[in-house]
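>
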Amino acid sequence: MNEKSFNIALCVNEVRAKRPLVHHLTNYVTVNDCANITLGIGGSPIMADDPREAADITGIASSLVINMGTLNERTVPSMILAGKAANEKGIPVIFDPVGAGASAYRNETAAQILDEVSISVLRGNISEIRYIAGLSASTKGVDAAEDDHTGLDETGQMAKRLAAKLDCTVAITGAVDVVSDGQRVICIENGHPMLSNLTGTGCMCSSLMGAYCGAAPGRILEAVTAALLSMGIAGEMAYEAAGSIGNGSFRVALLDTISHMSDQILAERGRFYEA
Amino acid sequence: MNEKSFNIALCVNEVRAKRPLVHHLTNYVTVNDCANITLGIGGSPIMADDPREAADITGIASSLVINMGTLNERTVPSMILAGKAANEKGIPVIFDPVGAGASAYRNETAAQILDEVSISVLRGNISEIRYIAGLSASTKGVDAAEDDHTGLDETGQMAKRLAAKLDCTVAITGAVDVVSDGQRVICIENGHPMLSNLTGTGCMCSSLMGAYCGAAPGRILEAVTAALLSMGIAGEMAYEAAGSIGNGSFRVALLDTISHMSDQILAERGRFYEA
Amino acid sequence: MNEKSFNIALCVNEVRAKRPLVHHLTNYVTVNDCANITLGIGGSPIMADDPREAADITGIASSLVINMGTLNERTVPSMILAGKAANEKGIPVIFDPVGAGASAYRNETAAQILDEVSISVLRGNISEIRYIAGLSASTKGVDAAEDDHTGLDETGQMAKRLAAKLDCTVAITGAVDVVSDGQRVICIENGHPMLSNLTGTGCMCSSLMGAYCGAAPGRILEAVTAALLSMGIAGEMAYEAAGSIGNGSFRVALLDTISHMSDQILAERGRFYEA
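Residue numbers (this note's numbering), protein chains in the order written: chain A, 50 to 324; chain B, 50 to 324; chain C, 50 to 324.
(1) May I ask you to report which of helix, strand or coil DSSP gives residue 216 (chain B)?
(2) Counting only runs that start and end within the region 145-195 of chain C, where is the beta strand (DSSP E) found for 3 or more residues in a row?
(3) Report the residues of the region 298-312 of chain B with a CB closer than 8 Å to any CB of chain A, ordered along the chain.
(4) Looking at C-beta atoms only, is the number of pairs between the region 237-251 of chain B and the region 274-289 of chain B that lie closer than 8 Å three or more?
(5) Taking only beta-carbon positions, decide if residue 77 (chain C) is within less than 8 Å of chain B.
(6) Do you know whose CA, among B:209, B:312, B:72 and B:148, lies nearest residue 115 (chain B)'s CA?
(7) If I measure Cβ to Cβ from residue 54 (chain B) and keep anything under 8 Å in the same chain, skipping five residues before and after, which residues do I get?
(8) To the nearest angstrom, how far is it from the Cα of residue 109 (chain C) to the Cα of residue 262 (chain C)?
(9) At 8 Å on the CB atoms, spell out the chain B contacts of residue 247 (chain A), in chain order.
(10) From residue 324 (chain A) to residue 219 (chain A), what distance separates their C-alpha atoms?
(11) Is it true that the CB of residue 205 (chain A) sits closer than 8 Å to the CB of residue 177 (chain A)?
(12) Taking C-alpha atoms, which residue in C:231, C:201, C:200 and C:199 lies nearest to residue 213 (chain C)?
(13) Whole angstroms are fine: how far does the CA of residue 302 (chain A) sit from the CA of residue 286 (chain A)?
(14) Between the region 308-317 of chain B and the region 304-323 of chain C, are three or more C-beta pairs nearer than 8 Å?
(15) With a threshold of 7 Å on Cβ separation, who are the neighbours of residue 135 (chain B) within its own chain once the five nearest residues in sequence on each side are excluded?
(16) Any beta carbon of chain C sitting closer than 8 Å to that of residue 279 (chain B)?
(17) Return the CA-CA distance between residue 251 (chain A) and residue 198 (chain A), expressed in angstroms with no decimal places.
(18) On the DSSP bridge list, what partners appear for residue 323 (chain A)?
(19) When you compare only the Cα positions, how much space is there between residue 183 (chain C) and residue 147 (chain C)?
(20) Taking just the CA atoms, how far does residue 201 (chain A) sit from residue 50 (chain A)?
(21) Which value, in whole angstroms, describes the spacing of the CA atoms of residue 271 (chain B) and residue 236 (chain B)?
(22) Is the distance from the Cβ of residue 244 (chain A) to the Cβ of residue 297 (chain A) below 8 Å?
(23) Can you tell me the Cα-Cα spacing of residue 140 (chain A) and residue 192 (chain C), whole angstroms?
(24) Residues of chain B with CB closer than 8 Å to the CB of residue 164 (chain C), please, in chain order.
(25) Evaluate residue 160 (chain A) with the Cβ neighbour count: other Cβ atoms within 10 Å of its Cβ, from every protein chain shown; 16 or more gives buried, anything less gives exposed.
(26) Can you tell me where the beta strand (DSSP E) holding residue 71 (chain C) begins and where it ends?
(27) Using the Cα positions of residue 194 (chain A) and residue 95 (chain A), report the straight-line distance between them to the nearest angstrom.
(28) When we look at the beta-carbon of residue 52 (chain C) and count the other beta-carbons within 10 Å, is it buried (16 or more) or exposed?
(29) Measure the C-alpha to C-alpha separation of residue 274 (chain B) and residue 229 (chain B) and round it to an integer number of angstroms.
(30) State the Cα-Cα distance for the pair residue 265 (chain B) and residue 70 (chain B), rounded to the nearest angstrom.
(31) Taking the CB atoms as reference points, tell me whether residue 304 (chain A) and residue 92 (chain A) lie closer together than 8 Å.
(32) Counting contacts by CB-CB distance shorter than 8 Å, is residue 96 (chain C) in contact with chain B?
(33) By Cβ distance below 7 Å, which residues in the same chain neighbour residue 67 (chain B) in space, the five residues on each side in sequence not counted?
(34) What span of residues does the alpha helix (DSSP H) with residue 62 (chain C) cover, start to end?
(35) Is residue 81 (chain A) helix, strand or coil when you go by DSSP?
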């Protein structure tokens, strides 16, 4: 890894210094954790999902997170309106296609968003991203299906092709996270299995991307990598703090760890490489 | 209690082995805790409440939880669509008539659901169940009214009659939980008063029933009893762990305890008898 | 401070004794914490935001909290219907104009509520209250803008004028909270900076006001002061308990501390004076 060309060391400092306002169009299941993790990393969260104000609020934001976790006839138009406003303003759009492949409505909504909004980042699990890529995908609701896990090489190539096709950065989260901007492929090894026993860790990861990209809109690949490192390291440190006590304590420890994430911790504990 | 005919000893293992997908049409107040308790007991939660996908998502689920905590014109039709899809697929439907008796809209919705959907389990507090049973009921919002508590014998007989009438299993939660499938009446003595100082413990209990019934759809009475034992024991153990610190710590400890619930703990700490 | 005319010493006891039902029309981001803090202080929360039942539920409540955190075409009419029902019944209405100034829709909604509903309490940060008062206000989403902080004297006079104009009690929360009923001005010095690193502490404060005002509807100024003291002291004690661990632990400790708030703690730790 060429450290000069891929310097993520200043990212947390930048978030905490700039305090980017991250507009979320997200689901009602994990929204509170998304708000608190955004605050924890140094951003400022706002959630406004009515078509009457979705574009207005995007107009004062530094980034936009569109999360498909719970959809309805009111919020889908808001996602499009906010997405277009973000494009017009030139701020990053993070798209989290939760449960893509699980229902016709989710599939149509994902297609509509990708058609009408220019996204900066696409983040999902392997099943969701395979579905978006037009590959065969199993699904088990909002979790990745076992069958969809293929080798890291194949996943990296898929991410690269999809990123080039969509002209964005693609992040596939899993035991090893894989990120590509269409040219480079980064693998992040941090993380902990407990993260899959807590609801919303994917959503929270997208919120972190909203905060990092809002602070560093000109360096999306670095920002996305820093978000994934933050989440992975926080998962490890939360497990070290809360042990295997359960997902109640793990959630608390995860938010605590993000509150104290620093460039030093990212540098010391981050395990990533360019594939 | 005839242990041969009423074996709940294997239930947690079955949930953790089968990882049932539990579709929730539930309220936005306690939904996050419902998701985390479902994960904690070994299930996989999904929430999709738009009529465009409620039936589709039910189609990939192992059970359906319909919780009336917050209702609106969009989610009530989704409850009916999802309920019918669940009936067609033959998966268990758990109905939690939160606040039945508190408004005309809740009353009409409860009647419509019971009319159009075949439910497997009805779970509520004494005021809600008395309302559903057509008995005089006081109500104080979503909590049971003092006046509605009658003796255990009377409650058991009421549960039995209502279960026979609705052709389902009826669970009335309170200081002592009472369950009946219309033939047998089971009383569960586990629990702790702190459970009523935390929002959503009733909702979480219904989610646990979704997970257990999703894993053991052919043994609903056992599954419902195991869910009630799990919640009651978790309440006791959470109090032992967090003491009387407050409802913040109690919530964390409750989720932690559910994450470690085991057949052994159920067998050792469960206090229930056939009335 | 004349203790005879301004006795807040019995307030927590009254909440715990009367267990007021607090109806919330609030946002989906922080609603769970609002419910748990209402339970923690001794009230009983209920959330019902459909126009079909908003007035019915208000009819069984002791107070109404209208929180603009997330608005939509369904909930705004519910806020008006519930507000009018509360006025008819004569129970206190607490209005929290979250994000007023941040979008045309929020501004119009705030104006409509103030036009059609008689409110008892208006609670917001300095930016929101300045917007409502028709003064120039900056805004950064749902947080107060730095530019809007003026001296305490000026803030107190503004609160007093606005309270007289709206015929209600105005509470401006910040490093020092300022309350006025149009005649007197009370300053509350309790609080901790960590409160702004946790989402929903403003909303939770409004919920506490709902509980206190529901228990003591004839003494709104005292009830609002007690709510602000409770939140401020809880912030201090939560920090003492959880230290700077992070916003996960701080949230838990905050709810725990509210669960144990007592008239004695309010008397011993409360730092407030009449300006």
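Don't be surprised by glycine CBs; every beta carbon is placed ideally from N, CA and C.
Everything numeric in this text was worked out from a predicted model, so none of it was measured.
Per the coordinate set shown:
(1) Counting from 1 along the second sequence, the entry for residue 216 (chain B) is found at position 167. Reduced to three states, the DSSP call for residue 216 (chain B) is coil.
(2) Those beta strand (DSSP E) runs which fall completely within the region 145-195 of chain C and span 3+ residues are 170-174.
(3) 300, 301, 302, 303, 304, 305, 306, 307, 308 and 309
(4) Yes, they touch.
(5) Residue numbering aside, residue 77 (chain C) sits at position 28 when the third sequence is read from its first letter. With 8 Å as the cut-off, residue 77 (chain C) counts as an interface residue toward chain B.
(6) If you number the second sequence from 1, residue 115 (chain B) lands on position 66. Measuring from the Cα of residue 115 (chain B), the nearest candidate turns out to be B:72.
(7) Counting from 1 along the second sequence, the entry for residue 54 (chain B) is found at position 5. Confidence at residue 54 (chain B) is low in this model, with a pLDDT of 49, below 50, so the placement of that residue should be treated as unreliable; the coordinate-derived value is given next. No residues qualify anywhere along the chain.
(8) One-based indexing of the third sequence puts residue 109 (chain C) at position 60. One-based indexing of the third sequence puts residue 262 (chain C) at position 213. So the two alpha carbons sit approximately 15 Å from each other.
(9) Position 198 of the first sequence, counting from 1, holds the residue named residue 247 (chain A). Simply 85 and 88.
(10) The count along the first sequence starts at 1 and reaches residue 324 (chain A) at position 275. The count along the first sequence starts at 1 and reaches residue 219 (chain A) at position 170. Distance between the alpha carbons of residue 324 (chain A) and residue 219 (chain A): 15 Å.
(11) Counting from one through the first sequence, the residue named residue 177 (chain A) turns up at place 128. Counting from one through the first sequence, the residue named residue 205 (chain A) turns up at place 156. No, they are not a contact pair.
(12) The residue you call residue 213 (chain C) lines up with position 164 of the third sequence. Residue 213 (chain C) has its Cα closest to that of C:231, out of C:231, C:201, C:200 and C:199.
(13) Within the first sequence, residue 286 (chain A) is the residue found at index 237, counting from 1. Within the first sequence, residue 302 (chain A) is the residue found at index 253, counting from 1. Taking the straight line from one Cα to the other gives about 8 Å.
(14) no
(15) Locating residue 135 (chain B) in the second sequence gives position 86, counting from the first residue. Same-chain partners within the cutoff: 107, 113 and 142.
(16) Mapped onto the second sequence, residue 279 (chain B) falls at position 230. So, not an interface residue.
(17) To locate residue 251 (chain A), count along the first sequence from 1; it is residue 202. To locate residue 198 (chain A), count along the first sequence from 1; it is residue 149. Cα to Cα, the separation comes out at about 17 Å.
(18) As a working mapping, residue 323 (chain A) is identified with position 274 in the first sequence. For residue 323 (chain A), which the question treats as bridged, DSSP gives the partners A:235.
(19) Here residue 183 (chain C) refers to the residue found at position 134 when the third sequence is read from its first residue. Here residue 147 (chain C) refers to the residue found at position 98 when the third sequence is read from its first residue. Looking at the two C-alpha atoms, the distance is approximately 16 Å.
(20) Within the first sequence, residue 50 (chain A) is the residue found at index 1, counting from 1. Within the first sequence, residue 201 (chain A) is the residue found at index 152, counting from 1. Residue placement at residue 50 (chain A) is flagged as unreliable, the pLDDT there being 44, under the threshold of 50; the coordinate-derived value follows with that caveat. Each residue's Cα considered, the two are about 18 Å apart.
(21) Against the second sequence, residue 271 (chain B) aligns to sequence position 222. Against the second sequence, residue 236 (chain B) aligns to sequence position 187. If you draw a straight line from the Cα of residue 271 (chain B) to the Cα of residue 236 (chain B), it comes to about 12 Å.
(22) For the purposes of this step, residue 244 (chain A) is identified with residue 195 of the first sequence, where counting begins at 1. For the purposes of this step, residue 297 (chain A) is identified with residue 248 of the first sequence, where counting begins at 1. No.
(23) Here the question's residue 140 (chain A) lines up with position 91 in the first sequence. Here the question's residue 192 (chain C) lines up with position 143 in the third sequence. Distance between the alpha carbons of residue 140 (chain A) and residue 192 (chain C) is about 20 Å.
(24) Within the third sequence, numbered from 1, the residue matching residue 164 (chain C) stands at position 115. Here the premise fails: no neighbours, minimum Cβ distance about 25 Å.
(25) In the first sequence, counting from the first residue as 1, residue 160 (chain A) sits at position 111. Exposed, because fewer than 16 other Cβ atoms sit within 10 Å of the Cβ of residue 160 (chain A).
(26) On the third sequence, position 22 is the one that residue 71 (chain C) refers to. Residue 71 (chain C) -> beta strand (DSSP E) spans 70-74.
(27) As a first step, residue 194 (chain A) must be located in the first sequence, where it is residue number 145. As a first step, residue 95 (chain A) must be located in the first sequence, where it is residue number 46. Spanning the two alpha carbons is a distance of roughly 32 Å.
(28) If you number the third sequence from 1, residue 52 (chain C) lands on position 3. With a pLDDT of 45 at residue 52 (chain C), under the threshold of 50, the modelled position of that residue is not reliable, and the figure given next carries that caveat. Exposed.
(29) Position 225 of the second sequence, counted from the first residue, corresponds to residue 274 (chain B). Position 180 of the second sequence, counted from the first residue, corresponds to residue 229 (chain B). About 10 Å.
(30) Along the second sequence, read from residue 1 onward, the residue named residue 265 (chain B) stands at position 216. Along the second sequence, read from residue 1 onward, the residue named residue 70 (chain B) stands at position 21. Their Cα atoms are separated by approximately 13 Å.
(31) Position 255 of the first sequence, counting from 1, holds the residue named residue 304 (chain A). Position 43 of the first sequence, counting from 1, holds the residue named residue 92 (chain A). Not a contact, by the Cβ cut-off of 8 Å.
(32) For the purposes of this step, residue 96 (chain C) is taken as residue 47 along the third sequence, with counting starting at 1. Judged by the 8 Å Cβ criterion, residue 96 (chain C) is in contact with chain B.
(33) Taking the first residue of the second sequence as 1, we reach residue 67 (chain B) at position 18. These residues qualify, in order along the chain: 264.
(34) Stepping through the third sequence from its first residue, residue 62 (chain C) is reached at position 13. Where residue 62 (chain C) is concerned, the enclosing alpha helix (DSSP H) stretches over 60-67.
(35) Stepping through the first sequence from its first residue, residue 81 (chain A) is reached at position 32. Helix, per DSSP.
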